[in-house]
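In the UniProt record's numbering, the protein residues as written are 1 to 103.
Spelled out as structure tokens, the structure:
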């Protein structure tokens with residue numbers, strides 16, 4: 001029964017190698033390198049206001065509308081993970097064909 005508590009040299013070496021491998025994997029995953037897709041240079045977005053729409057009420061000089069900003073807004077609008085149960089996006093209720101009104 002006491003023999004089960006002790007490991008042989010081979011088992012100790014195997015356990016040590018597994019521990020070192022896991023430690024190396026954890027330390028490697030914490031690097032500061034950015035692995036995402038680099039975004040293109042941000043350009044001003046040409047916002048075309050449809051006829052009959054009122055003038056904008058917010059000042060865009062301090063925070064201009066950009067191509068990347070519009071892409072981010074579109075992605076967030078259709079992202080279901082932002083809802084309470086991670087399934088329904090804003091675009092589910094606010095349908096584009098109905099001028100983004102709630103149906």
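For each residue, glycine too, the CB sits at the ideal point set by N, CA and C.
{"query": "In terms of alpha-carbon separation, which member of 99, 81, 66 lies closest to residue 40?", "result": "66"}
{"query": "Where does residue 25 fall in DSSP's three states?", "result": "helix"}
{"query": "Output needed for residue 43: all residues of its chain with C-beta closer than 7 Å, excluding positions within five of it in sequence on either side, in chain order.", "result": "66, 67"}
{"query": "Among 58, 22, 47, 91, which residue has its Cα nearest to the Cα of residue 78?", "result": "91"}
{"query": "Identify whether residue 108 lies in helix, strand or coil by the three-state DSSP scheme.", "result": "This structure gives no information on residue 108, because the portion of the chain shown stretches from 1 to 103."}
{"query": "I'd like to confirm the pairing. Which residues does DSSP put opposite residue 87 in its beta bridges?", "result": "Bridge partners of residue 87: none, in fact."}
{"query": "For residue 61, does the three-state DSSP call read helix, strand or coil?", "result": "coil"}
{"query": "Take residue 86 and list the residues in its own chain whose beta-carbon comes closer than 8 Å to its own, dropping the five residues that flank it on each side.", "result": "80"}
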